[in-house]
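> For the sequence shown, position 114 (counting from the first letter as 1) is numbered 114 according to UniProt numbering, and the numbering increases by one without interruption.
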Amino acid sequence: MKEKRVLYVSSEVIPYLPETEASSMSYFSPKMVNDRGGQIRIFTPRFGNINERRHQLHEVIRLSGMNLIINDLDMPLIIKVASIPKERMQVYFIDNEDYFKRKATLTDEDGNMFDDNDERAIFFAKGVIETVKKLNWAPDIIHVHGWLAGLLPLYIKNYYGNDPLFEDSKIVTSVYNQSFEGTLDTEMIDKLRFDALDDDAVTEFEEPSYVNIMKNAVRFSDGIIKASEDLGEELDSYIDSVDKPVLEFHSHEEFADAYEGFYLNDILNEKENDE
Numbered sequence: 001m002k003e004k005r006v007l008y009v010s011s012e013v014i015p016y017l018p019e020t021e022a023s024s025m026s027y028f029s030p031k032m033v034n035d036r037g038g039q040i041r042i043f044t045p046r047f048g049n050i051n052e053r054r055h056q057l058h059e060v061i062r063l064s065g066m067n068l069i070i071n072d073l074d075m076p077l078i079i080k081v082a083s084i085p086k087e088r089m090q091v092y093f094i095d096n097e098d099y100f101k102r103k104a105t106l107t108d109e110d111g112n113m114f115d116d117n118d119e120r121a122i123f124f125a126k127g128v129i130e131t132v133k134k135l136n137w138a139p140d141i142i143h144v145h146g147w148l149a150g151l152l153p154l155y156i157k158n159y160y161g162n163d164p165l166f167e168d169s170k171i172v173t174s175v176y177n178q179s180f181e182g183t184l185d186t187e188m189i190d191k192l193r194f195d196a197l198d199d200d201a202v203t204e205f206e207e208p209s210y211v212n213i214m215k216n217a218v219r220f221s222d223g224i225i226k227a228s229e230d231l232g233e234e235l236d237s238y239i240d241s242v243d244k245p246v247l248e249f250h251s252h253e254e255f256a257d258a259y260e261g262f263y264l265n266d267i268l269n270e271k272e273n274d275e
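(1) Give the straight-line distance between the Cα atoms of residue 45 and residue 10, rounded to the nearest whole angstrom.
(2) Count the CB pairs spanning the region 204 to 215 and the region 231 to 247 that are closer than 8 Å, and state whether there are at least three.
(3) Thinking residue 71 and residue 119 are a contact (beta carbons under 8 Å), I'd like their distance in whole angstroms, please.
(4) Which class does residue 275 belong to by DSSP, given the choice of helix, strand or coil?
(5) Just checking residue 86 against the ligand ATP - is the residue's beta carbon closer than 7 Å to any of the ligand's heavy atoms?
(6) At 4 residues or longer, what runs of the alpha helix (DSSP H) sit wholly inside the region 41 to 101?
(7) Drop a sphere of 10 angstroms on the beta-carbon of residue 303, count the other beta-carbons inside from all chains shown, and report buried for 16 or more, exposed for fewer.
(8) Within 10 angstroms of its Cβ, does residue 146 collect 16 or more other Cβ (buried), or is it exposed?
(9) Ignore the nearest five residues each way along the sequence and tell me which others in residue 76's own chain have a CB closer than 7 Å to its CB.
(10) Between 227, 258, 245 and 261, which lies nearest to residue 24 when the distance is taken from Cα to Cα?
(11) Between which two residues does the beta strand (DSSP E) harbouring residue 223 extend?
(12) What residues match up with residue 174 in a beta bridge as DSSP calls it?
(13) Which residue from 181, 177, 62 and 191 puts its Cα closest to that of residue 132?
(14) Pull up the DSSP beta-bridge partners for residue 113, would you.
(15) Would the beta-carbon of residue 128 fall within 8 Å of that of residue 220?
(16) Apply the 10 Å Cβ neighbour rule to residue 107 and answer buried if 16 or more other Cβ atoms are within range, or exposed otherwise.
(17) Which class does residue 24 belong to by DSSP, given the choice of helix, strand or coil?
(18) Identify, in the order they occur along the chain, each residue of the same chain with its Cβ nearer than 7 Å to the Cβ of residue 27, setting aside the five sequence neighbours on each side.
(19) Which class does residue 132 belong to by DSSP, given the choice of helix, strand or coil?
(20) If you check the beta carbons only, do residue 104 and residue 48 fall under 8 Å apart?
(21) Kindly indicate which three-state DSSP category residue 241 falls into: helix, strand or coil?
(22) Here's a check: name, in chain order, each residue in its chain whose Cβ is nearer than 6 Å to the Cβ of residue 247, leaving out the five neighbours to either side.
(23) Using CA coordinates, which residue listed in 171, 181 and 94 is at the minimum distance from residue 222?
(24) For residue 73, count neighbouring Cβ atoms within 10 angstroms of its own Cβ and tell me buried if that reaches 16, exposed if not.
(25) Put residue 209 into one of helix, strand or coil per three-state DSSP.
(26) Taking the alpha carbon of residue 278 as the point to measure from, which residue in 201, 182 and 65 has its own alpha carbon closest?
(27) For residue 247, which of helix, strand or coil comes out of DSSP?
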């Protein structure tokens with residue numbers, strides 16, 4: 001992985017949120033790249049239940065201050081940063097008072113999904129991309145973890161499709177068995193259309209369920225990782241049907257060589273380097 005640039009975009013990362021398959025792999029996979037000589041950037045939402053004082057988050061003034069338009073509303077983007085202790089890994093946090101101040105992640109205290117999770121996902125995707133543009137940091141690979149980050153492939157390949165910073169970037173999406181019941185706001189497709197995304201690009205969002213969000217992410221990715229042992233029949237079959245590189249499940253105890261090989265050989269097509 002020497003000198004390779006990998007952008008990690010995740011809905012959750014340990015140690016900032018509790019341990020799940022997604023939050024664990026959002027820590028262990030960038031650590032692997034970092035340990036093997038690559039360059040990384042990690043982006044995640046600044047949920048209100050992340051303890052800013054304990055984790056020493058601070059605002060990056062030069063990156064903050066932009067407004068993102070979400071469904072015809074100007075929403076201020078705030079960027080914060082922290083370092084994972086002992087690992088020399090910086091994490092960038094996408095923040096906004098309206099979307100991320102509440103002391104919870106995706107559901108209220110009764111377990112109900114927040115009504116604006118669709119807009120939070122749109123804001124997160126656009127916020128990450130705009131910040132990477134400000135950093136002028138062109139990634140070789142963009143690795144997406146978790147459904148809240150699942151709009152990244154759609155926006156990179158469509159809304160930002162002509163941006164020279166990403167013209168050589170390859171997108172990998174890790175698909176987890178961390179779903180939700182029902183759907184996001186049924187008007188989500190109209191909010192995506194507001195960004196002039198073609199109807200064909202957003203067809204899955206006519207019913208914005210977990211499975212359909214991930215199908216869209218898979219469709220606009222260059223490679224897929226099955227990041228849970230059991231993804232359910234519908235998603236498993238869909239992933240197997242696409243004509244793209246697919247890496248089968250590996251636990252975080254045994255993933256490192258498999259992920260590096262997948263990145264270099266299947267995604268970046270550098271097989272000759274191993275000969």
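Just so it is clear, CB atoms sit at the ideal spot from N, CA and C, and this is done for glycine as well.
Small disclaimer: the values here were computed from a predicted structure and weren't measured.
In short, the structure shows the following:
(1) One-based indexing of the sequence shown puts residue 45 at position 45. One-based indexing of the sequence shown puts residue 10 at position 10. Rounded to whole angstroms, residue 45 to residue 10 spans 8 Å at the Cα level.
(2) yes
(3) Residue numbering aside, residue 71 sits at position 71 when the sequence shown is read from its first letter. Residue numbering aside, residue 119 sits at position 119 when the sequence shown is read from its first letter. The pair is a contact, with the Cβ atoms about 6 Å apart (cut-off 8 Å).
(4) What you label residue 275 is simply residue 275 of the sequence shown in a count that begins at 1. Bear in mind that the predicted position of residue 275 carries a pLDDT of just 41, short of 50, making it unreliable; the figure below should be weighed with that in mind. Coil.
(5) Absent from the structure shown: the ligand ATP. Ligands present: none.
(6) 52 to 55 and 97 to 100
(7) The structure shown does not extend to residue 303, since the chain spans only 1 to 275, so no value can be given for it.
(8) To locate residue 146, count along the sequence shown from 1; it is residue 146. That one is buried.
(9) Residue 76 sits at position 76 when you count from the first residue of the sequence shown. Excluding positions up to five away in sequence, the list reads 67 and 96.
(10) Here residue 24 refers to the residue found at position 24 when the sequence shown is read from its first residue. Checking every option, the nearest Cα to that of residue 24 belongs to 227.
(11) Translated into positions along the sequence shown, residue 223 becomes position 223. Unbroken beta strand (DSSP E) run through residue 223: 223 to 226.
(12) Along the sequence shown, one-based indexing puts residue 174 at 174. 145 and 225, per the DSSP bridge assignment.
(13) Looking up residue 132 in the sequence shown gives position 132. Here the closest residue by C-alpha is 62.
(14) Here the question's residue 113 lines up with position 113 in the sequence shown. Beta-bridge pairing links residue 113 to 107.
(15) Taking the first residue of the sequence shown as 1, we reach residue 128 at position 128. Taking the first residue of the sequence shown as 1, we reach residue 220 at position 220. Contact: no.
(16) The residue labelled residue 107 in the question sits at position 107 within the sequence shown. That one is exposed.
(17) Mapped onto the sequence shown, residue 24 falls at position 24. Correct three-state label for residue 24: helix.
(18) Translated into the one-based positions of the sequence shown, residue 27 becomes position 27. Taken in chain order, the residues that qualify are 13 and 14.
(19) Start at 1 with the first residue of the sequence shown, and residue 132 comes out as number 132. Residue state, collapsed to three classes: helix.
(20) Here residue 104 refers to the residue found at position 104 of the sequence shown. Here residue 48 refers to the residue found at position 48 of the sequence shown. Contact flag set, yes.
(21) Against the sequence shown, residue 241 aligns to sequence position 241. If DSSP states are grouped into helix, strand and coil, residue 241 belongs with the helices.
(22) Here residue 247 refers to the residue found at position 247 when the sequence shown is read from its first residue. Here the set comprises 225 and 262.
(23) Indexing the sequence shown from 1 puts residue 222 at position 222. When 171, 181 and 94 are compared, the shortest CA-CA separation from residue 222 is found for 171.
(24) One-based indexing of the sequence shown puts residue 73 at position 73. Its Cβ having fewer than 16 others within 10 Å, residue 73 is exposed.
(25) The count along the sequence shown starts at 1 and reaches residue 209 at position 209. In this structure, residue 209 counts as strand in the three-state DSSP scheme.
(26) For the chain, the structure presents residues 1 to 275; residue 278 sits outside this window and is missing.
(27) Residue 247 sits at position 247 when you count from the first residue of the sequence shown. Residue state, collapsed to three classes: strand.
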